[in-house]
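Residue numbers (the numbering used here), protein chains in the order written: chain X, 704 to 1170; chain C, 704 to 1170. Using N, Cα and C, we set each Cβ at its ideal position, and we do this for glycine too.
Number of protein chains: 2
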Amino acid sequence: MRKTLTALFLTLIFLTCTLHGKAQNDSLIIRQIFDEVLTKGRAYSNLSDLCLNIGHRLSGSEGAAKSVKWGYDVLKKSGADTVYLMEVEVPVWNRGTVERVAVQMGTKGSGQGKRELHACSLGGSVGTGGKIKAEIIEVQGIAELKKLSEAALKGKIVFFNRPMDSRKISTFEAYGGCVDQRYAGAGEASRMGAVGVIVRSMSLAIDEHPHTGGMAYPDSVQRIPAMAISTTDAEWLHQFGANKTVQIEMESDCEFKGYAKSSNVIGELWGYESPQDIMVVGGHLDSWDKGQGAHDDGAGVNQSIEVLRLFKTLGIKPKRTLRVILFMNEENGNMGGKTYAQKVADKKETHVLAVESDRGGFTPRGFAVEGTQNEIDFIAGFRELLEPYGLHYFEKGYAGVDIGPLQRGDKAPLPNLLMLGLVPDSQRYFDYHHADTDTIDKVNPRELHLGAGAMAAMIYLLDRYSK
Amino acid sequence: MRKTLTALFLTLIFLTCTLHGKAQNDSLIIRQIFDEVLTKGRAYSNLSDLCLNIGHRLSGSEGAAKSVKWGYDVLKKSGADTVYLMEVEVPVWNRGTVERVAVQMGTKGSGQGKRELHACSLGGSVGTGGKIKAEIIEVQGIAELKKLSEAALKGKIVFFNRPMDSRKISTFEAYGGCVDQRYAGAGEASRMGAVGVIVRSMSLAIDEHPHTGGMAYPDSVQRIPAMAISTTDAEWLHQFGANKTVQIEMESDCEFKGYAKSSNVIGELWGYESPQDIMVVGGHLDSWDKGQGAHDDGAGVNQSIEVLRLFKTLGIKPKRTLRVILFMNEENGNMGGKTYAQKVADKKETHVLAVESDRGGFTPRGFAVEGTQNEIDFIAGFRELLEPYGLHYFEKGYAGVDIGPLQRGDKAPLPNLLMLGLVPDSQRYFDYHHADTDTIDKVNPRELHLGAGAMAAMIYLLDRYSK
């Protein structure tokens, strides 16, 4: 929106006078969008197909390759003017076949057995190379770890056990305040001489499902294995380990397997007025290798495709080109997002808008906007049109990982790009996130479809009211 | 609020000037309420106990009797100043042991078998007295039924098949536009000579679970049996019956068993300033005899109890008396609500506020207010304090069945009573409503607790800012 968004805000005064006149027509079109998606929406049946016939799809896996073909076909069927693949080089990590964390229940030689915990390797971790047996040291996070001496940590396994803060109303805020343990805990522990880490699953649910997720090592440290344990096991281990020495055994044969070729899948509905101006809507096609990647992010992918289908089916012709992107590799590298942004810069394409859905397929509440207060106010000006559909939240916030590399600002290739993230109700998201439980039965068709309708309505309005 | 609510609105101008000063303290107290309920909330564990150890509890059943004792004990433990029972005479209806709807798959004598549908008797229906076999006539509702001739309906079974309108954003609106078929369909069909009715389940989910629910007969008609069939079966039967005559068989031994004594359960936290002024908060303790009555309305009952516990635990002393009422018999008679309202009138008690939760334990969005525009505006004035907790909806609307008989208005005993209904997200509610699937695993602890927090915060604000 170099040329467009600047003009967009100049039209604000004009709009204030005319919005009431136009609003009637807009409200009819928005009503059509929601009527269509709530009665004949395809996002849920397409998501069911992805979840049940392909399942999880970690970058470089067979599932990921199948999902690329699936995405290509579904975009074609949904009425895209063109569908194409964009090559993306992705890292390949493989979980292997062994992932165990066991607690020694008595002192050595006492003959007591081991208690197996519900555990899984963290994505990106190295394997254990056989069994690792060591004493654990529980900490409530990296800050507490750093207060310990290297002598105390030498040869130990660090147990990161700070829970997500249940007082946060947005569970994403709770996650953000906690996930450093998973992402960076192993690196920090290794720096101080530890031989492995186990991390309490990032979940507000107290249950037996371990949650995987990305982690990475700084270049400078020895790579030590990192695994997640379920929240019930973390609570139990905390109690069991109080005032005594606890030995655990870790075993994992996960490994990094190098790089492979994969793809972003892209479908377009060409603009009738300025097709060279691009409006992106997307989610990520890859998922962790647990469950079916239903909410994360099969939901966002299928909502994005549905936006295109809604425009096409209802005959809503966008002025600018609507580009649906099913990004590859959000979970462990974001190479899809990075590659796409690089291509945009290389081609000097004009992007005016990017909307991402990657917070689950729950009832939509509104949008997080990466923009100035003026821009947020402008978007919040649509409130009256959108509130009948339960959309009330229009606040400054992070739009999404996949579109993140498109950056806005003076130094970026796209200085005035407007970026939005769909914000659904967040209460249940982390119950399923990256776990075996992220399956299609956790998705409600109406909630998913309301989200697709919300994105379609917002894109329709922004396309119409920017010049 | 004879004296109080009138004054309440006179204070509006005063409040506009001072609310900003007070808001800081209020926001701290509201934060305490949500911190407590999100970290140490008891509503979910109490609800689990009710669901798993008692289960469903239709009026007059053993479950209902147990739930009265349960409610008494939980209110005691939650810190009520007093707990007592209020006798309520309730109708007793029993499902019996047989409930079948089967479709004859071929013409008579062709030797083809029957297809059994997923069916259940509607609450209040008479049994079939053996098997009823008759041809079905499908209609899309009572209006269509009335256009048919009595000759066409004589001896037939009417199949009411109008689905809930999925275009409605509020599923309660969709339910309201459809439930006449279930409630009054049998009476209307009987009036025209039909011998039975089957009704498409009131649900937006397309699945195999039949949903029961209340129905009643006008005095003047022959009582004919009424059953619900699942939405999948309704869709199938519609297709199967297109352009051909279909015979079905109904069988049910449900029956009305007269009347029994039961109770509302009431707990109070006495007001320190005007204890004679009552603020009611409640839900209904009875449930249909399907599932566990988790969302309907174990959720509301336990949220109401939690409001009292929150006030007690946090040392929030109400000016007026907070009266928690676990109403009996909302589902098939509302005798708890009616009896309570009669006692209030008899005793000439002053009620200033009544808040009900009976729309499921999902993420709260706000409140429906039975009141004047001035009153709604006053309540919406708390928006700034409540929006951080996801509460954004403050609109005119129906407050609830249990508190309904308390009526407001010139001719009622309580002319200025303010009545509010908690409004949670409605998308999933009718998937489970009155069906085997309304079980504790469908309730998310955080969503339930946020609803309790919302009620506590609203009651705190209204108690504080009315004079």
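Exercise for review: Taking C/Ala1203 as part of the alpha helix (DSSP H), name the residues at either end of that continuous run.
Suggested key: Nothing about residue 1203 of chain C can be read from this structure; chain C reaches only from 704 to 1170.
* Interface residues of chain C around X/Thr1142 at Cβ under 7 Å? -> Those do not exist, as X/Thr1142 stays about 14 Å from chain C at its closest Cβ, beyond 7 Å.
Proximal residues, the segment 845–872 of chain X versus chain C, C-beta separation under 7 Å:
Residues of the segment 845–872 of chain X with a C-beta less than 7 Å from any C-beta of chain C: Ser869, Arg870, Ile872, listed in chain order.
*In chain order, what residues of the same chain lie with their CB nearer than 6 Å to the CB of C/Glu838, ignoring the 5 residues before and after it?*
Setting aside the 5 residues that flank it on each side, C/Glu838 is surrounded in the same chain by Lys859, Thr948, Gln950, each with a C-beta closer than 6 Å to its C-beta; the list follows chain order.
Helix, strand or coil, according to DSSP, for X/Cys957 in the structure here? In the structure shown, X/Cys957 sits in coil (DSSP, three-state: anything other than H, G, I, E or B).
Among all the DSSP beta bridges, which residues are the ones paired with C/Ser904?
In DSSP, C/Ser904 forms no bridge with anything.
- Message: Is there a Cβ of chain C sitting closer than 7 Å to that of X/Thr742, yes or no?
- Response: With 7 Å as the cut-off, X/Thr742 counts as an interface residue toward chain C.
* Asked: Would DSSP call C/Glu838 helix, strand or coil?
  -> C/Glu838 carries a strand assignment under DSSP once its states are collapsed to helix, strand and coil.
* **Pairwise C-alpha distance: X/His1095 and C/Ile872** => Approximately 14 Å between the Cα atoms of the pair.
Query - Simplified DSSP state of X/Lys857, which is helix, strand or coil - result: Coil at X/Lys857, not helix or strand.
Chain X contact for C/Arg1149 (CB, 7 Å cutoff): Judged by the 7 Å Cβ criterion, C/Arg1149 is in contact with chain X.
Pick helix, strand or coil for C/Ser764, following the three-state DSSP scheme.
-> Assignment of C/Ser764 by DSSP, reduced to helix, strand and coil, places it in the coil class.
For a test of the three-state rule: what should DSSP assign to X/Val1010, helix, strand or coil?
Helix.
Nearest to X/Leu820 by CA position, among X/Asn756, X/His914, X/Ser869, X/Glu1052, is which residue? Ranking X/Asn756, X/His914, X/Ser869, X/Glu1052 by Cα distance to X/Leu820 puts X/His914 first.
What's the gap between the Cα of X/Gly1040 and the Cα of X/Asp1139?
Going from the Cα of X/Gly1040 to the Cα of X/Asp1139 covers about 26 Å.
Just to confirm my understanding: we take C/Ala1115, look at its own chain, exclude 5 residues before and 5 after, and list those with CB closer than 6 Å. What are they?
Unreliable positioning characterises C/Ala1115 in this predicted model, as indicated by a pLDDT of 49, which lies under 50. The coordinate reading is nonetheless provided below. None.
Quiz item: According to DSSP, which residues form a beta bridge with X/Asn967?
Solution: Paired residues: X/Met789.
Along chain C, in chain order, which residues have C-beta atoms closer than 7 Å to that of X/Asp1128? Within chain C, the residues whose beta carbon sits less than 7 Å from that of X/Asp1128 are Thr1066, Asp1128, listed in sequence order.
I need the straight-line Cα distance from C/Ser824 to X/Tyr747, nearest angstrom please. Taking the straight line from one Cα to the other gives about 32 Å.
Reduced DSSP category for X/Ala1159 - H, G, I as helix; E, B as strand; rest coil:
Three-state DSSP puts X/Ala1159 in a helix.
**Asked** What is the DSSP secondary structure of X/Gly1074, reduced to helix, strand or coil?
**Response** Reduced to three states, the DSSP call for X/Gly1074 is coil.
query: Hey, does C/His998 have any beta-carbon neighbour from chain X nearer than 7 Å?
result: Judged by the 7 Å Cβ criterion, C/His998 is not in contact with chain X.
ask   = Which residue or residues does DSSP assign as beta-bridge partners of X/Trp796?
value = X/Phe959.
Host alpha helix (DSSP H) of C/Val924 (start-end) = Counting along the chain, C/Val924 sits inside no alpha helix (DSSP H), nor does DSSP assign it H or E at all.
(Q) Looking at chain X, is there any beta carbon in it that lies within less than 7 Å of the beta carbon of C/His914? (A) Not an interface residue.
| message | Quick check on this structure: which residue in X/Arg734, X/Ala726, X/His941 has the alpha carbon closest to the alpha carbon of X/Gly1093? | response | Checking every option, the nearest Cα to that of X/Gly1093 belongs to X/Arg734.
**OP:** Assign C/Phe943 to one of two classes, buried (16 or more other C-beta atoms within 10 Å of its C-beta) or exposed (fewer than that).
**Re:** Burial is judged here by how many other beta carbons sit within 10 angstroms of a residue's own beta carbon; C/Phe943 has fewer than 16 and is exposed.
Requested in this report: Tell me whether the beta-carbon of C/Cys957 lies closer than 7 Å to the beta-carbon of C/Arg798.
Outcome: The answer is yes: Cβ separation under 7 Å.
ask   = What residues in its chain sit with their C-beta under 7 Å from that of X/Leu713, if we drop five residues either side in the sequence?
value = A caution first: X/Leu713 carries a pLDDT of 42, below 50, which makes its placement in the model too unreliable to give a value.
Q | DSSP three-state assignment for X/Tyr1101, whether helix, strand or coil | A | Residue state, collapsed to three classes: coil.
Would you report the Cα separation of X/Asp1172 and X/Val1047, rounded to the nearest angstrom? Residue 1172 of chain X lies beyond the range of chain X shown here (704 to 1170); nothing can be said about it.
query: Between the segment 1007–1027 of chain X and the segment 1071–1079 of chain X, do at least 3 Cβ pairs fall closer than 8 Å?
result: Contact annotation: the segment 1007–1027 of chain X does not touch the segment 1071–1079 of chain X, with fewer than three C-beta pairs closer than 8 Å.
Of all the CB atoms in chain C, is at least one closer than 7 Å to the CB of X/Arg1131?
Yes, contact with chain C.
Rounded to the nearest angstrom, what separates C/Lys769 and C/Leu1088 at their Cα positions?
In a straight line, the C-alpha of C/Lys769 is about 39 Å away from that of C/Leu1088.
- request: Find out if the Cβ-Cβ distance for the pair C/Arg1068, C/Asp1128 is shorter than 7 Å.
  value: Closer than 7 Å, so yes.
Q: Please confirm whether C/Asp989 and C/Met1031 have their CB atoms less than 7 Å apart.
A: Annotated as proximal: C/Asp989 and C/Met1031, with beta-carbon spacing under 7 Å.
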